[in-house]
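Sequential numbering from -7 applies to the sequence shown in this note's numbering.
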Amino acid sequence: MSPVAILLMVIAIVLVWGGLVAAIVALRVLPEPEVELDANGNVIDDPSLGTGMW
């Protein structure tokens, strides 16, 4: 392999693994969304429920 190919491979590996680590850190740091209720106390949106599950 040429030095340029090795350099590009290392850059690609760092980008992929860096993105993975950043995503895991963001999931740990960001707060969970709260359940939205209307004026009567009925659930408008519950983020804990999966989308498309009826």
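The C-beta atom is built at its ideal place from N, Cα and C for all residues, glycine as well.
Please read all numbers here as calculations on a predicted model, not as lab measurements.
Rounded to the nearest whole angstrom, the C-alpha separation of Gly10 and Gly33 is 42 Å.
For the pair Ala4 and Glu24, the Cα-to-Cα distance works out to about 31 Å.
Taking Leu0 as the centre and dropping the five residues before and after it, the same chain places no C-beta closer than 8 Å to its C-beta. Excluding residues up to 5 positions away in sequence, Glu28 lie with their Cβ nearer than 6 Å to the Cβ of Asp37 in the same chain. One Cα belongs to Leu12, the other to Ala18, and the distance between them is close to 10 Å.
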